[in-house]
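Residue numbers (the numbering used here), protein chains in the order written: chain G, 16 to 129; chain L, 64 to 177. Everything on this sheet refers to the single structure shown next.
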């Protein structure tokens, strides 16, 4: 158990639905990350938060909206998704951002958009 | 733009065999390189992290090497076991930027046959 939990573990949603993914870390870290893992493609970094401020947004479409209310919780709000958004969404945390600090990953949410 | 490639994409070996997984990257200006393991339906587990100034790291039956100048890393697994079956991901940490992003390869799916 890595200390990073994600809920739900599986989610099926229609293109007109609104849903949210939740990530919680119990490691006392100050940085949190969202990654997307699509079939046959490398993990892609989506967003980085440091001390609840977004410090990186990798040209992610606005239908994905992150929220970090405190350093332990990270959300990804989803609306008007497309079938190509179906993927495994992974959350990670680290003590701080920067190369010195190892990232710890959650188990992921498997999202299917119908 | 940094690109990480892993060869082979899939590998099947009999139990007890020693094996090597390969990772190559296009930009040698990296902070460090990390090998992860991903089991089906689960998140990433860090196996070994090699700093850019290091040549190799060892943990139990695993040995990872880094040749930064040629843009290559290998993960050597000795005396493979069925429990080693998983996807192995290589990731390099970019040098510079606010967050020193992790850039992932597409992984090698390893199956160890009993």
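Glycine residues also receive a C-beta, built at the ideal position from the N, C-alpha and C atoms. From a predicted model like this one, the values you see are computed outputs, not experimental measurements.
Which value, in whole angstroms, describes the spacing of the CA atoms of residue 56 of chain G and residue 103 of chain G? Taking the first residue of the first chain as position 1, residue 56 of chain G is located at position 41. Taking the first residue of the first chain as position 1, residue 103 of chain G is located at position 88. Each residue's alpha carbon lies about 11 Å from the other.
When the cut-off is 8 Å and only beta carbons count, does residue 94 of chain L lie next to chain G? Counting from 1 along the second chain, the entry for residue 94 of chain L is found at position 31. It does; some Cβ of chain G falls within 8 Å.
Label residue 100 of chain L either buried or exposed according to how many other C-beta atoms from any shown protein chain fall within 10 Å of its C-beta, with 16 as the threshold for buried. As a first step, residue 100 of chain L must be located in the second chain, where it is residue number 37. By the neighbour-count rule (16 or more Cβ atoms within 10 Å), residue 100 of chain L is buried.
Since residue 163 of chain L meets chain G, which of its residues come closer than 8 Å, beta carbon to beta carbon? In the second chain, the residue the question calls residue 163 of chain L occupies position 100. Going along chain G in sequence order, the residues near residue 163 of chain L (Cβ under 8 Å) are 112, 113, 114.
Using a beta-carbon distance cut-off of less than 9 Å, what residues from the region 56–75 of chain G approach chain L? Identification of residues in the region 56–75 of chain G having a C-beta nearer than 9 Å to some C-beta of chain L yields 56, 57, 58, 59, 60, 63, 65, 70, 71, 73, given in sequence order.
Please confirm whether residue 120 of chain L and residue 88 of chain L have their CB atoms less than 8 Å apart. The residue labelled residue 120 of chain L in the question sits at position 57 within the second chain. The residue labelled residue 88 of chain L in the question sits at position 25 within the second chain. In this structure, residue 88 of chain L does not lie closer than 8 Å to residue 120 of chain L by Cβ.
DSSP three-state label for residue 147 of chain L, please. To locate residue 147 of chain L, count along the second chain from 1; it is residue 84. Helix.
According to the Cβ coordinates, are residue 59 of chain G and residue 73 of chain G closer than 8 Å? As a working mapping, residue 59 of chain G is identified with position 44 in the first chain. As a working mapping, residue 73 of chain G is identified with position 58 in the first chain. For the pair residue 59 of chain G and residue 73 of chain G, the CB atoms are nearer than the 8 Å cut-off.
For the beta strand (DSSP E) that residue 84 of chain G lies in, which residues bound it at each end? Mapped onto the first chain, residue 84 of chain G falls at position 69. Looking at the DSSP string, the run of the beta strand (DSSP E) that includes residue 84 of chain G is 79–85.
Does the beta carbon of residue 23 of chain G come closer than 8 Å to any beta carbon on chain L? On the first chain, position 8 is the one that residue 23 of chain G refers to. Chain L has no Cβ within less than 8 Å of the Cβ of residue 23 of chain G.
By DSSP's criteria, residue 30 of chain G is part of a beta bridge. Which residues make up the other side? As a working note, residue 30 of chain G is residue 15 in the first chain. None, per the DSSP bridge assignment.
Report the rounded CA-to-CA distance for residue 144 of chain L versus residue 177 of chain L, giving the unit in angstroms. For the purposes of this step, residue 144 of chain L is taken as residue 81 along the second chain, with counting starting at 1. For the purposes of this step, residue 177 of chain L is taken as residue 114 along the second chain, with counting starting at 1. So the two alpha carbons sit approximately 8 Å from each other.
Contact with chain L by residue 120 of chain G, beta-carbon distance below 8 Å: Position 105 of the first chain, counted from the start, is the residue given in the question as residue 120 of chain G. Using a Cβ-Cβ cut-off of 8 Å, residue 120 of chain G counts as an interface residue toward chain L, since at least one Cβ of chain L sits closer than that to its own.
When the Cα atoms are used, what is the spatial distance from residue 90 of chain G to residue 108 of chain L? What you label residue 90 of chain G is simply residue 75 of the first chain in a count that begins at 1. What you label residue 108 of chain L is simply residue 45 of the second chain in a count that begins at 1. The straight-line gap separating the alpha-carbon atoms of residue 90 of chain G and residue 108 of chain L is approximately 22 Å.
Neighbour-count burial assignment, residue 73 of chain L, 16 or more Cβ in a 10 Å radius: For the purposes of this step, residue 73 of chain L is identified with residue 10 of the second chain, where counting begins at 1. With a threshold of 16 other beta carbon atoms within 10 Å, residue 73 of chain L falls short and is exposed.
Check the DSSP bridge columns for residue 109 of chain G and list the partner residues they point to. The residue labelled residue 109 of chain G in the question sits at position 94 within the first chain. Residue 109 of chain G is bridged by DSSP to G:46.
So residue 63 of chain G is in the beta strand (DSSP E); what residue range does that whole segment cover? Position 48 of the first chain, counted from the start, is the residue given in the question as residue 63 of chain G. In the DSSP annotation of this structure, the continuous segment of the beta strand (DSSP E) that includes residue 63 of chain G starts and ends at 59–65.
Is the region 109–123 of chain G touching the region 35–44 of chain G, taking contact as three or more C-beta pairs under 8 Å? Yes: at least three Cβ pairs fall under 8 Å.
Going by C-alpha distance, which of G:114, G:26, G:63 is nearest residue 80 of chain G? Start at 1 with the first residue of the first chain, and residue 80 of chain G comes out as number 65. Here the closest residue by C-alpha is G:63.
Which residue marks the beginning of the beta strand (DSSP E) containing residue 81 of chain L, and which one marks its end? Position 18 of the second chain, counted from the start, is the residue given in the question as residue 81 of chain L. Here residue 81 of chain L belongs to no beta strand (DSSP E), and DSSP marks it neither H nor E.
Does any C-beta atom of chain L lie closer than 8 Å to the C-beta of residue 105 of chain G? Sequence index remark: in the first chain, residue 105 of chain G carries index 90 (1-based). Chain L contact via Cβ: present.
Rounded to whole angstroms, what is the Cα-Cα separation between residue 88 of chain G and residue 79 of chain L? Walking along the first chain from the start, residue 88 of chain G turns up at place 73. Walking along the second chain from the start, residue 79 of chain L turns up at place 16. A straight line joining the alpha-carbon of residue 88 of chain G with that of residue 79 of chain L spans about 43 Å.
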